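Per the UniProt record's numbering: the sequence shown = residues 1 to 322.
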Amino acid sequence: MLFEKKLKIAIVFKVCHSLGGGTGSGMGTLLISKIREEYPDRMMSTFSVFPSPKVSDTVVEPYNATLSVHQLVENADECMVLDNEALYDICFRTLKLSNPSFGDLNHLISATMSGVTCCLRFPGQLNSDLRKLAVNLIPFPSILRLSIQEDPNNTEPLLFPSSLNKWWDAKNMMCAADPRHGRYLTASAMFRGKMSTKEVDEQMLNVQNKNSSYFVEWIPNNVKSTVCDIPPTGLKMASTFIGNSTSIQEMFRRVSEQFTAMFRRKAFLHWYTGEGMDEMEFTEAESNMNDLVSEYQQYQDATVDEEEYEEEEEEEEAEYEE
């Protein structure tokens, strides 16, 4: 939890949990729902580690993840999506660690959490808070899954544009979803360190123009930026990029297919029904997951119908003249 220094009031609850195991998925989402009941007007933000294609701990991960997503849609305001495979890849490729530990993975996650909340904790030139972040990033209630990219490398000011270019590389994504296979609905860039806001604005405009095909055209000005003057310890500059991309449906579709393959045969279902759960809960969770995938695909395929918009304007003008 983050607290206002003077009033000692909780302004946001942040929950870190894994959706593959029983504790993180079951106990984690139960805790989230209870906090939501007790503090309905407070922000609920989660850092949720989803099951990975290659890094798997238990065979019932698809069940746990699907049941958890159902709860997160109901009770979370923001859901930062992570997975262990993507974190391992960043440790191998970017940080050049030959044998990364869970401590290294947790360090990446903590650095990301620090980047997301830096403007809330430190002074900045273009400051923001988590509620404003949610307003800018989540255009529809159920589309709250956010992918994250972090560039914690020590970067000189002259290399500032190259730092922005890393955002579009799938290797820097913290979840197994390729942004090139979808489109960004919204995005937010958070910079830490001494830099010119003018340079930030110019470079962000260049990024949007250069990568315009990565963004939907029917949400104008859908990339926001914040600047915090205080860099992370030992670094001159760092950046965190949060994107609400339709490519995240790749991960949901993969989990949904694994869920369906087991659920159709009632495999391992007795472990859940034996604890008091009903098969209808699984059916409902599966349906909600498929609806979520369909909704992301719908927004990815949506276009601006200019002709229809112009016709509506002409009709409104005619009615006004009458």
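The C-beta atom is built at its ideal place from N, Cα and C for all residues, glycine as well. Remember, predicted model here, so these are calculated numbers, not experimental data.
Item	Value
Three-state class that DSSP yields for C119 in the structure shown	helix
For M262, the three-state DSSP class (helix, strand or coil)	helix
Segment limits, beta strand (DSSP E) that includes T46	43–50
Identity of the residue in L82, H70, K14, A189 nearest E286 by Cα	H70
Simplified DSSP state of F92, which is helix, strand or coil	helix
Span separating the alpha-carbon of S188 from that of S213	17 Å
Residue burial classification, N64 (beta-carbon count within 10 angstroms, cutoff 16)	buried
Inter-residue Cα distance where the pair is R253 and V293	7 Å
Collapsed DSSP secondary structure at K132 in the structure displayed	helix
Distance between V55 and G103 (C-alpha atoms, nearest Å)	16 Å
The stretch 230–246 in contact with the stretch 138–149 per 3-pair CB rule at 8 Å	yes
L82 (DSSP reduced to helix, strand or coil)	strand
The stretch 198–208 contacting the stretch 94–113, beta-carbon criterion three pairs below 8 Å	no
According to DSSP, residues forming a beta bridge with N244	T186
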